[in-house]
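First comes the structure, then the notes that go with it.
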Amino acid sequence: MNAMNKVAKVTLYFWIMKICATTLGETGGDLLSMTMNVGYAFSSLILLAFFFVTLSIQLAAKKYHPVIYWLVIVSTSTAGTTISDYMDRTLELGYFKGSLILISCLIVILAVWKFSVGTLSVDNIQTRKAEAFYWTAILFSNTLGTALGDFLADSSGLGFMGGAVLIGGLLGMVVGLYYFTRINRVVLFWIAFVLTRPFGATFGDVLTKPIANGGLNLGTIGSSIVLASILVVLVIYTTWNHQDVATNEELKAKSVG
Numbered sequence: 046m047n048a049m050n051k052v053a054k055v056t057l058y059f060w061i062m063k064i065c066a067t068t069l070g071e072t073g074g075d076l077l078s079m080t081m082n083v084g085y086a087f088s089s090l091i092l093l094a095f096f097f098v099t100l101s102i103q104l105a106a107k108k109y110h111p112v113i114y115w116l117v118i119v120s121t122s123t124a125g126t127t128i129s130d131y132m133d134r135t136l137e138l139g140y141f142k143g144s145l146i147l148i149s150c151l152i153v154i155l156a157v158w159k160f161s162v163g164t165l166s167v168d169n170i171q172t173r174k175a176e177a178f179y180w181t182a183i184l185f186s187n188t189l190g191t192a193l194g195d196f197l198a199d200s201s202g203l204g205f206m207g208g209a210v211l212i213g214g215l216l217g218m219v220v221g222l223y224y225f226t227r228i229n230r231v232v233l234f235w236i237a238f239v240l241t242r243p244f245g246a247t248f249g250d251v252l253t254k255p256i257a258n259g260g261l262n263l264g265t266i267g268s269s270i271v272l273a274s275i276l277v278v279l280v281i282y283t284t285w286n287h288q289d290v291a292t293n294e295e296l297k298a299k300s301v302g
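Using our numbering, you'd call the opening residue of the sequence shown number 46 and step up by one each time.
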């Protein structure tokens, strides 16, 4: 990994952690706005502040730190959850209109990123400009995921489990395209990144909602604890693995020198 690269390497662990982080964002956002009765508007302000704090730390870092990186991912997920709910329930835009607005915003961000930087690659983020576009796109994709996931679960008639199965099937198709076609890998990455958010959103609903509504009735607190525990274990593992790889690269560099 390039020493200046400050984002996670895209592996199987990355996608598992992404789904855990986005699902945690769904349950954590609901915990603050609904369970704790803070409200969508105030919750959005709190979580956006959390996002900007974690993002500032990430931007100031000189290299990739797994703990910081995944804190920003979680903060975009939690903020995205409450922002989407605010658009839907407070502004009364509805899930469908909210999804269309967010899809349009995300397309514009990716287009401007491509025009300004020349690439949408996520394998080697080396400039502040590229990193700013990267995190802006992630914030909007995670917000879009909540709106799209809620639309599938509540308005489409599929229900919580049906929405998760549909998104899971689409993700399976993306995996198939990755291994058996020559479609641009950057395009497939962003499609998968967007799809994992509604999958996380619908999966979060499956975990938290009552059994009568198709959920597992773990509640926002129980689901958040389970997801946070899994994510912490994986972050510890990837941190150890990253440090081990970095140490080996330093030893190889010294031996060559």
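All C-beta atoms in this analysis are idealised placements derived from N, C-alpha and C, irrespective of residue type, glycine included.
Whole-angstrom Cβ separation of residue i and residue j, contact assumed at under 8 Å?
i: residue 279; j: residue 61; result: 7 Å
i: residue 135; j: residue 85; result: 5 Å
i: residue 242; j: residue 190; result: 2 Å
i: residue 2; j: residue 129; result: Not covered by the structure: residue 2. The range shown for the chain is 46 to 302.
i: residue 73; j: residue 269; result: 5 Å
With a threshold of 8 Å on Cβ separation, who are the neighbours of residue i within its own chain once the five nearest residues in sequence on each side are excluded?
i: residue 114; result: 51, 52, 53 and 103
i: residue 199; result: 140
i: residue 222; result: 228 and 233
i: residue 264; result: 80 and 253
i: residue 283; result: 53, 58, 62 and 111
i: residue 83; result: 77 and 91
Going by beta carbon distance, what residues of the same chain come within less than 7 Å of residue i, once the five residues before and after it are set aside?
i: residue 179; result: 52, 167 and 170
i: residue 236; result: 219
i: residue 203; result: 197 and 211
i: residue 175; result: 162
i: residue 209; result: 244, 247, 248 and 251
i: residue 148; result: 189
If you drop the 5 nearest sequence neighbours on each side, which residues of the same chain put their C-beta closer than 6 Å to that of residue i?
i: residue 99; result: 116, 117 and 120
i: residue 193; result: 144 and 243
i: residue 231; result: 165 and 166
i: residue 262; result: 255 and 256
i: residue 138; result: 132
ask   = Taking three-plus beta-carbon pairs below 8 Å as touching, is the stretch 177-186 in contact with the stretch 117-135?
value = With the rule of 3 Cβ pairs closer than 8 Å, the stretch 177-186 counts as touching the stretch 117-135.
query = Where in the stretch 196-237 do unbroken runs of the alpha helix (DSSP H), each at least 4 residues long, occur, reported from the N-terminal end onward?
reply = If we require 4 residues or more, the alpha helix (DSSP H) runs fully inside the stretch 196-237 come out as 204-225.
key: In chain order, each alpha helix (DSSP H) run of at least 4 residues that lies wholly inside the stretch 154-193   = none
message = In chain order, what are the residue ranges of uninterrupted alpha helix (DSSP H) at least 4 long that sit wholly in the stretch 82-159?
response = Here the runs fully enclosed are 85-105 and 111-130.
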